[in-house]
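J.: So the sequence shown is numbered by the working numbering: it starts at -4 and just counts up by one. The structure under discussion is supplied below as structure tokens; questions concerning it will follow.
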Amino acid sequence: MRFLLVNPFYPISECPSPPLGLAYLAGALEQAGIEVRVLDLVMYKYSPQRLEAVLDEFQPHLVGATAVTMTYDHAASILADAKALDPGLKTVMGGPHVTFCAEETMLLNPNLDFIVLGEGEEAVVRLARAVEKNKGFEEITGLVFRRNNEPVFTGPREPGLDVNRIPMPARHLLPLGRYRTLGLAISMTTSRGCPFKCIFCVGRRMVGAKVRYRDPVKVVDEMETLAARDFPQINIVDDLFTANKKHCHAVCDEILRRGLKVKWTSFARVDTVSREVLAHMKEAGCGAVSFGVESGNAEILKTVEKGITLDGVIAAVQMCNDAGVTPMASFILGLPGETPETVQETVAFGQKLNDLGVSHGYHLLAPFPGTKVREESERYGIKILTHDWRQYHANRAIVETASARKAMLDEVAMKWERQFDEYLGHIKEKMKTGEAADEEASILVNLERTVLTYDLLMDEVVEAHGFWPDDGGTSEEQDIETLAGRVARAAGRNETEVAAALEYARVRKSLRRSREDGLTRWAWVDYL
């Protein structure tokens, strides 16, 4: 039995990290003796020809794609292409989007055979076995399949997988080298579940209200393995790392007991942190904590059932500053009750946080399937403007309230984007005169290098132009200059900038030279 897992494309601007959910699925399948491959289309440009080559070489029995709402269309089209190439393939989708609109998805996609709902590690293994035998689908709870071309739901799965029994993520199947050379973070979890009820979030419904904690020793085992792979930082992506102080302290204690030097970040709520917890996290290597503040208006916070206060936000920020942990905040514009006045309150509160040293940004409400705000939009006074899932990236308005219109909401988001661009432009001017501090210059240098490197990766310029007859007498430093010239000419890019990006990748051991068959050849290091 062979199972191909697909990570659909989403842009580098969304700060991708190696697909943790797929890695968990792959780990469960591998433990069950099922051969697995991952096609990560965030790091490789998609084409039907690439898919065909993978299908011809791997010959999978099942092709599965994960999807959040904004990547659903791409995931569905890939599975349709797979079916067209091999009608005998079975196709499956999972993830939060299809979990909450499974029947609609099945009816609209005749090329889709199965949908796995919710946490999928056990279900995908059972599904692979059932496909192998071509029977037993109705016995797999949390599955939607076709019978006489009609969707059949097998009933809800017992919630709450034991997080200490789930196999480790099979990250060796992911192109970690590409993520690392782009300077992106790698993610992990220490728990699953969220006890809170924010009306714009699907987390609680996706993985359950009861928080299940991993053994802190296993958590730090994994962290130690990731630290050895030399990523710039590890992001702990639990819905709420600080939900349980005992667990939080236990993880930090284990990091410190081992003397592990690792930079990491986490998500938190402003009402679940304390000076003691933050100081312990800082000592254990935590550099930043992200808070979902959502709004600067107290009534909106009550409406969306966030359960925090603005005074609590200020207190949490001050505790972070005292502990030396960088506080970060995110806001959502267009929530129920939004008006031009409440938008200005949020912007003003964001500025107040900025004055306290808080990096902050704005998203626009995306009413994802499965959220209370979507299911009860009329009650909340929300007008949903589109069901084009590709627009559910939360960077432009797709909802309006009675007085907060799309144009106004978009303008706030675009103004913030312009301010960031102007900030980068200001750094560039200071760099020209030598006035830029090293820390601020590195922000722009790293960003520009990441974008350039990503373009080179996706356009496969090194693969096409990174080889020539080997004379055996040149150093790597000389050859990287030759490579930079060839790549820059082919890509129409500045040779100095290309050379700097490629040299950075070489030093990071993300770009490797080989000499064989009379050729000098350069290649990206995809797998670590």
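A virtual CB, placed ideally from N, CA and C, is assigned to each residue, including glycine. These figures come from a predicted structure and were not determined experimentally.
Is Leu138 helix, strand or coil when you go by DSSP?
T.: strand
J.: Who are the near neighbours of Met453 in its chain, counting only those whose CB is closer than 7 Å to its CB and skipping five residues on each side?
T.: Lys40
J.: Please go through the same chain and pick out, in chain order, the residues whose beta-carbon is closer than 6 Å to the beta-carbon of Glu333, but skip the five residues on each side of it.
T.: Thr396, Ala399
J.: Indicate the three-state DSSP secondary structure (helix, strand or coil) for Thr321 in the structure shown.
T.: strand
J.: Going straight from the alpha carbon of Leu112 to that of Tyr418, what length do you get?
T.: 43 Å
J.: Would the beta-carbon of Ala23 fall within 8 Å of that of Val120?
T.: In contact: Ala23 and Val120 (Cβ atoms closer than 8 Å).
J.: Can you name the start and end residues of the alpha helix (DSSP H) that Thr337 belongs to?
T.: Its alpha helix (DSSP H) spans residues 335 to 350.
J.: Sorted by chain position, which residues of the same chain lie with C-beta nearer than 7 Å to Ala274's C-beta, five sequence neighbours on each side aside?
T.: The residues are Ala318.
J.: Return the bridge partner residues of Phe462 from the DSSP annotation.
T.: According to DSSP, Phe462 bridges with Arg516.
J.: By Cβ distance, which residues of its chain are closer than 8 Å to Leu107, with the 5 residues on each side in sequence left out?
T.: Ala71, Leu74, Thr86, Val87, Met88, Thr100, Met101
J.: Report the three-state DSSP secondary structure of Met403 (helix, strand or coil).
T.: helix
J.: Under the three-state reduction of DSSP, which class applies to Ser8: helix, strand or coil?
T.: helix
J.: With DSSP as the reference, label Glu395 as helix, strand or coil.
T.: strand
J.: With a cut-off of 8 Å on the beta carbons, I'd call Met323 and Ala283 a contact; round off their distance for me.
T.: Ala283 and Met323 do touch by the CB rule: their CB atoms are close to 6 Å apart, below 8 Å.
J.: Answer with buried or exposed for Asp35, where buried requires no fewer than 16 other C-beta atoms within 10 angstroms of its C-beta.
T.: The residue in question, Asp35, is buried, as its Cβ has 16 or more Cβ neighbours within 10 Å.
J.: Taking the alpha-carbon of Leu17 as reference, which of Asp68, Pro170, Gly131, Ser8 has the nearest alpha-carbon?
T.: Pro170
J.: Determine the closest residue to Val147 out of Glu133, Val158, Asp157, with distance taken between C-alpha atoms.
T.: Glu133
J.: Between the region 485 to 494 and the region 151 to 158, do at least 3 Cβ pairs fall closer than 8 Å?
T.: no
J.: What distance in whole Å lies between the Cβ atoms of Asn159 and Lys241, which are believed to be in contact at a cut-off of 8 Å?
T.: Their Cβ separation, rounded to whole angstroms, is 16 Å, which puts Lys241 and Asn159 out of contact at 8 Å.
J.: Rounded to whole angstroms, what is the Cα-Cα separation between Ile327 and Arg124?
T.: 43 Å
J.: Taking Cβ to Cβ, would you say Val394 is nearer than 8 Å to Val338?
T.: no
J.: Just mark Met409 as buried or exposed, buried being the case when its beta carbon has 16 or more other beta carbons within 10 Å.
T.: exposed
J.: Can you tell which of Ala293, Met314, Val312 has the C-alpha that lies nearest to the C-alpha of Leu330?
T.: Ala293
J.: Might you give, ordered along the chain, the residues of its own chain that have their beta carbon closer than 7 Å to the beta carbon of Tyr357, omitting 5 neighbours on each side?
T.: Within the same chain, Cβ atoms closer than 7 Å to the Cβ of Tyr357 are found at Phe326, Leu328, Val407, Ala408, Trp411, the five residues on either side in sequence being excluded.
J.: Count the C-beta pairs between the region 199 to 216 and the region 455 to 466 that are closer than 8 Å, then say yes if the count reaches three, no if not.
T.: no
J.: When DSSP labels each residue in this structure, what does Ala77 get in the three-state scheme?
T.: Looking at Ala77 - three-state DSSP - the assignment turns out to be helix.
J.: Relative to the alpha-carbon of Ser354, which residue among Glu300, Val342, Leu46 has its alpha-carbon at the smallest distance?
T.: Val342
J.: Leaving aside the five residues before and after Ala431 along the sequence, list all residues of the same chain whose C-beta is less than 6 Å from its C-beta, in chain order.
T.: Ile422, Lys425
J.: If we ignore side chains and look at the alpha-carbon of each, how far apart do Met163 and Tyr19 end up?
T.: Spanning the two alpha carbons is a distance of roughly 6 Å.
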